[in-house]
Amino acid sequence: MRGIKRFFAQLPAYVLWLLCSVVLWSWIVSLCMDTVPAKKVTLFLDVPTVEATALSAALEEELPPELKMVRARSFSYVLFQQDALRAADLYVLPASEMAEFADELLPLEAPAGADVWAKDGVVYGLRCYDAAAGSGAAASLVQYCQPGRTPEDCFICVAAGSPHIGDGAALQIAARFLELE
Numbered sequence: 143m144r145g146i147k148r149f150f151a152q153l154p155a156y157v158l159w160l161l162c163s164v165v166l167w168s169w170i171v172s173l174c175m176d177t178v179p180a181k182k183v184t185l186f187l188d189v190p191t192v193e194a195t196a197l198s199a200a201l202e203e204e205l206p207p208e209l210k211m212v213r214a215r216s217f218s219y220v221l222f223q224q225d226a227l228r229a230a231d232l233y234v235l236p237a238s239e240m241a242e243f244a245d246e247l248l249p250l251e252a253p254a255g256a257d258v259w260a261k262d263g264v265v266y267g268l269r270c271y272d273a274a275a276g277s278g279a280a281a282s283l284v285q286y287c288q289p290g291r292t293p294e295d296c297f298i299c300v301a302a303g304s305p306h307i308g309d310g311a312a313l314q315i316a317a318r319f320l321e322l323e
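Per our numbering, the very first residue in the sequence shown carries number 143; after that it's consecutive.
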């Protein structure tokens, strides 16, 4: 009986130890698996569901030589690291949020005939999901619309603060994303 009482008396300490060890080990794993920002492109997707690991692997198949990895993340990841959103290189955003992010996006030169999102005549995003047709880039890896909700177009954009604007890596990864099925 005393053993049970002692166990329950120490239960909060056990739970705290468990939580601390999970946080510490996740930090160690991310430290070992990550690379410097100059050698990776980060893509944040504001969509309900994304197969981040599979999408990253698909985008890494034809990496430019200056890159080591592509990191795809859902916007839900931002709940844990607010700075990560500002450090992103690419965004996939629904049309309803494009105006909110327009000041943080790089103006783009759109290919002729491309579907774009523009503000005051300046192109900021290329359509990667057509809500009317129900099709888009990487559709097997990205769920652009939640069931039961009205779908809306999504656009891929380049962050104005991306370190990969000068070397063209961000645009290459964006083009690769648009080619995925």
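Every residue gets a Cβ at the ideal spot worked out from N, C-alpha and C, and that includes glycine. Here the structure is a predicted model, which means the values were calculated and not measured.
Please determine, among the options, the residue with the shortest C-alpha to C-alpha distance to residue i.
i    : options                   : result
V212 : T184, F149, D231 and R228 : T184
A301 : R144, D225 and Y233       : Y233
G290 : L166, W259 and P190       : P190
V264 : A241, L173, P154 and C270 : A241
P293 : P236, S163, A180 and A316 : P236
A252 : L173, L313, F149 and K182 : L313
A316 : C270, Q288 and M143       : C270
P179 : L209, L250, D245 and S172 : L209
A311 : P154, K181 and R148       : K181
K261 : A254, V157 and S238       : S238
G276 : C287, V164, R148 and Y156 : C287
M123 : T195, G308, D225 and G303 : Only positions 143 to 323 of the chain appear in the structure, and residue 123 is not among them; the question remains open.
Beta strand (DSSP E) containing residue i: first to last residue?
i    : result
T184 : K182 to L187
A260 : V258 to K261
S216 : M211 to S216
My understanding is that residue i touches residue j, with C-beta atoms under 8 angstroms, so please give their C-beta distance in whole angstroms.
i    : j    : result
L197 : V284 : 7 angstroms
A230 : L187 : The Cβ separation is near 10 angstroms, so there is no contact.
C299 : L247 : 5 angstroms
F297 : W259 : 5 angstroms
A273 : D295 : 5 angstroms
Following the continuous alpha helix (DSSP H) through residue i, name the residue where it begins and the one where it ends.
i    : result
K147 : R144 to M175
S238 : A237 to F243
S198 : A194 to L201
R318 : A311 to E321
Under the DSSP definition of a beta bridge, which residues are partnered with residue i?
i    : result
R269 : F297
G278 : Y271
V178 : Paired residues: none, contrary to the question.
(Q) Contact between the stretch 189-204 and the stretch 278-288 is defined here as three or more beta-carbon pairs at a separation below 8 angstroms; is this criterion met? (A) yes
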